[in-house]
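Each protein sequence line maps, in turn, to chains A and B.
Start counting the first sequence at 845; every next residue gets the next number (my numbering).
Start counting the second sequence at 37; every next residue gets the next number (my numbering).
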Amino acid sequence: MGSIRDYFGNITSALGTTAKGMSVTLRHFTSEPPITVMYPHETKPVPPTYRGMHILEQEKCIDCHLCAKACPVDCIEIEAEHHGRKLEWEKFSIDYKKCIFCEFCIPPCPVDCIHMTSEYEMATDSNDDMVEDLLTWTGLRPEDQAALDGKPTAVQAKKQQESKKGGADKAAQIAAIKARLKKGS
Amino acid sequence: MNALVAFLSDLTGLEGVLPLSMAYAVCIGSLLGFITVYAMFAIWMERKVAAHMQVRYGPMETGGWHGWAQSVADALKLLFKEDIFPSQANKFLFAIAPAVVFCGVFAGFIVIPFAAGIQIASLNLGVFFLISIAAVEVIGVIMAGWASNSKYSLFGAVREAAQVVSYELPSATALIGPILIVGSFQLGDFNTYQANHGWLILHNPFMPVAALCFFISSLAGCKRAPFDLPEAESELVSGFHTEYSGMRFSFFFLEEYASMFVASVLMATLFFGGTTLPFNIGDIGNWATYAERAAAGEPSVISGIGDFLRTHLGIVVLLLKTFFFIFIQMWLRWTLPRLRVDQVMALGYKYLLPWGLVTVIGTACFEAFGWGWLPH
């Protein structure tokens, strides 16, 4: 079957290909820095069109329920009492167990008060915690939230931020989201 | 061992069997401790090497610095896991199989020459003992596969049985060359010889071939990739130890890494100078000086710190070489895909065995006639 030439050819090709493969793995081992992103310590930037958790500009909202009606999975619950033109808020909650992050709730809003952020860290210890009340949730990571302490509303924060021209926070995020939406339309 | 018995006898003032059993206990305890710590380090190292070859980090969190405590955490976890016996398993064989597997490789450690005076048993048939005791492990593997009463385990065991016939012969024939040159089976003599005459890998043109043959067949002996057919994660779940859990499973793991160590030590001692440095730099790890002093009747006398270091730095040299070969084993594992059963057989019988015999005959002729025998 196999000739002498095949026999020695097998030996040389086996040694040669092994050496080649080993040189590749050694190059990876020695000279290529790991491409891993050490996730909890560092995060990859998300694309600007990312659809993460929602953020609400409570002062602008007129309790029209259009977003809740647009929602295909009925995950938005809104409760507010009307005192003339003033609103007394009780609840604006999104059930993230149901939410499919389709962004259908964003376009219907007549006053452009609900947006989607790039926040995706939604792991919780219980099912109940998956229901987020947007009246209290600011849509920012804890470190940014700490920086925003004492600034209860988004609009106030935005105004302060515009005067300071600081780093990323809720207001800047909202501004960025709005700019993106305007560009799209 | 004898020195230890004498020391314990002096220390306690006891005679006869008591200091002997104490010496056994000390040796077994220190070896177990060494193997455990080494295996933890080797597992961590394997994960890091694997990770960096795949351009990622591997364990980074446990223990702070580069996940150094990952293996410790894993070992603790395994200790606390439930020891599950499959209901249809043969309880007795299932229970003792990990012990048989581990004993086979553990017994091999007693002849490893770490440094002059640090060798538990200086057997006259050291190499022979090492090869034959390592084969006991195979019995344990087949036991485990049979007793588990699971098709995957049995497949793994059958593959191991098929593999053992194809790697034992080449590995034994590859070792005959160095034994012919040194003229001794005693592992310590290899260190003495190589301190005086240079490393055996450079002794004659057949030695590199023999070293390569031995290294490849020792990979198969350790069930390492590309010869990990008995485990074959992608086909057989995890082969012969599929049904094992907890501590019994970790004994198979310990055994794998311990046999890697034994194979690498054998490689380093027989071909790469053992405890000595190249060109015998600093006379480090030369067993002759120790043997001469032993012959003069003062086995444990240390004449000075220089002599002490010269003898015992041999451990460091040997461990460095050993870890180099362990690294190559890991490197190969993350480079090559697994061979088929028939490919392992072909490699063993058609390639390694003939070339091993060529090295035996060539080395014998070389020893008999010197360089003049070769065409030049």
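Quick reminder that beta carbons are idealized off the backbone N, C-alpha and C, glycines included.
Nothing here was measured: the structure is a model prediction, and the numbers come from that model.
Option nearest residue i by Cα separation, candidates the options
i, options, result
"ASP110/B", "VAL380/B, ALA170/B, SER281/B", "SER281/B"
"GLU204/B", "ALA256/B, SER220/B, PHE289/B", "ALA256/B"
"ILE944/A", "MET882/A, LYS930/A, MET960/A", "MET960/A"
"MET165/B", "VAL141/B, LEU238/B, HIS233/B", "Going by the sequence as given, residue 165/B is Phe instead of Met. Closest option to PHE165/B, Cα to Cα, is VAL141/B."
"ALA157/B", "PHE361/B, ALA105/B, VAL41/B, THR399/B", "VAL41/B"
"PHE361/B", "SER254/B, ALA268/B, GLN379/B", "SER254/B"
"PHE873/A", "LEU313/B, GLU97/B, ALA404/B, HIS88/B", "HIS88/B"
"SER962/A", "GLU934/A, ALA912/A, LYS888/A", "LYS888/A"
"PHE191/B", "GLN222/B, PRO266/B, GLY234/B, SER123/B", "PRO266/B"
"TYR293/B", "GLU269/B, MET76/B, GLY69/B, CYS401/B", "MET76/B"
"HIS233/B", "ARG195/B, GLY310/B, ALA180/B, PRO262/B", "GLY310/B"
"GLU271/B", "VAL53/B, ARG195/B, LEU236/B, ILE252/B", "ARG195/B"
"ASN854/A", "GLU291/B, TYR387/B, THR305/B", "TYR387/B"
"ALA86/B", "LEU355/B, HIS277/B, GLY384/B, ALA261/B", "ALA261/B"
"GLY928/A", "VAL955/A, THR893/A, ASP907/A", "ASP907/A"
"CYS249/B", "ALA39/B, PRO95/B, PRO390/B, ALA105/B", "PRO390/B"
Residue-level contact to chain A via CB, residue i, 8 angstroms cutoff
i, result
"ARG92/B", "yes"
"THR371/B", "yes"
"HIS88/B", "yes"
"TRP367/B", "yes"
"TYR203/B", "no"
Backbone secondary structure at residue i - three-state DSSP
i, result
"ILE944/A", "coil"
"ILE1018/A", "helix"
"MET303/B", "helix"
"ASP977/A", "strand"
"TRP933/A", "strand"
"HIS88/B", "helix"
"THR997/A", "For THR997/A, the pLDDT reaches just 43, beneath the cut-off of 50, and the residue's location in the model is therefore unreliable, leaving the point undetermined."
"LEU425/B", "Given that chain B is displayed from residue 37 to residue 412, the structure contains no residue 425/B and the question cannot be resolved."
"MET58/B", "helix"
"ILE938/A", "strand"
"ILE362/B", "helix"
"HIS885/A", "coil"
"LEU900/A", "strand"
"ILE855/A", "helix"
"ILE848/A", "helix"
"ALA863/A", "helix"
"ALA131/B", "helix"
"HIS239/B", "coil"
"ALA967/A", "coil"
"ALA105/B", "coil"
"GLU82/B", "helix"
"MET76/B", "helix"
"GLU403/B", "helix"
"HIS233/B", "helix"
"ALA912/A", "helix"
"ALA143/B", "helix"
"ILE351/B", "helix"
"PHE96/B", "For the sequence presented, residue 96/B should be read as Met rather than Phe. Coil at MET96/B, not helix or strand."
"ALA382/B", "helix"
"ALA924/A", "strand"
"ILE958/A", "strand"
Chain B contact residues for residue i, given Cβ-Cβ distances below 7 angstroms
i, result
"THR880/A", "ARG92, TYR93"
Residue i: CB within 7 angstroms of a non-hydrogen atom of the ligand FMN
i, result
"PHE945/A", "No copy of the ligand FMN appears in this structure; indeed no ligand is present at all."
Where residue i meets chain A, residues with beta-carbon distance less than 8 angstroms
i, result
"GLY81/B", "Rather than Gly, the amino acid found at residue 81/B in this sequence is Met. Under the 8 angstroms cutoff, chain A gives no residues; its nearest Cβ is about 12 angstroms from MET81/B."
"LEU96/B", "In the sequence on display, residue 96/B carries Met and not Leu. Here the neighbours are MET882."
CB contact below 8 angstroms: residue i versus chain B
i, result
"GLY865/A", "yes"
"LEU870/A", "yes"
"THR1033/A", "One cannot answer for residue 1033/A here, as it falls past the ends of chain A, which runs 845 to 1029."
"PHE948/A", "no"
"THR862/A", "yes"
"LYS1003/A", "Unreliable placement is indicated for LYS1003/A, whose pLDDT of 49 sits below 50; the coordinate value is still reported in the next sentence. No, LYS1003/A does not count as interfacial toward chain B."
"GLY1010/A", "With a pLDDT of only 45 at GLY1010/A, under the threshold of 50, the placement of this residue in the model should not be trusted, and no figure is reported."
Residues that residue i contacts on chain B, provided the C-beta gap is smaller than 9 angstroms
i, result
"GLU876/A", "HIS88, VAL91"
Contact list for residue i against chain A, beta-carbon separation under 9 angstroms
i, result
"TYR387/B", "TYR851, ASN854, ILE855, ALA858"
Neighbouring residues, chain B, relative to residue i (Cβ below 8 angstroms)
i, result
"PHE873/A", "VAL85, HIS88, MET89, TRP367"
Task: alpha helix (DSSP H) segments (min. 4 residues) lying fully within the stretch 152 to 231 of chain B - done: Entirely contained in the stretch 152 to 231 of chain B, the alpha helix (DSSP H) runs reaching 4 residues are, in chain order, 162 to 170, 172 to 183, 187 to 218.
- [ ] Please list the segments of the beta strand (DSSP E) lying wholly inside the stretch 242 to 307 of chain B, counting only runs of 3 or more residues, in order along the chain.
- [x] With a minimum length of 3 residues, no continuous beta strand (DSSP E) run stays inside the stretch 242 to 307 of chain B.
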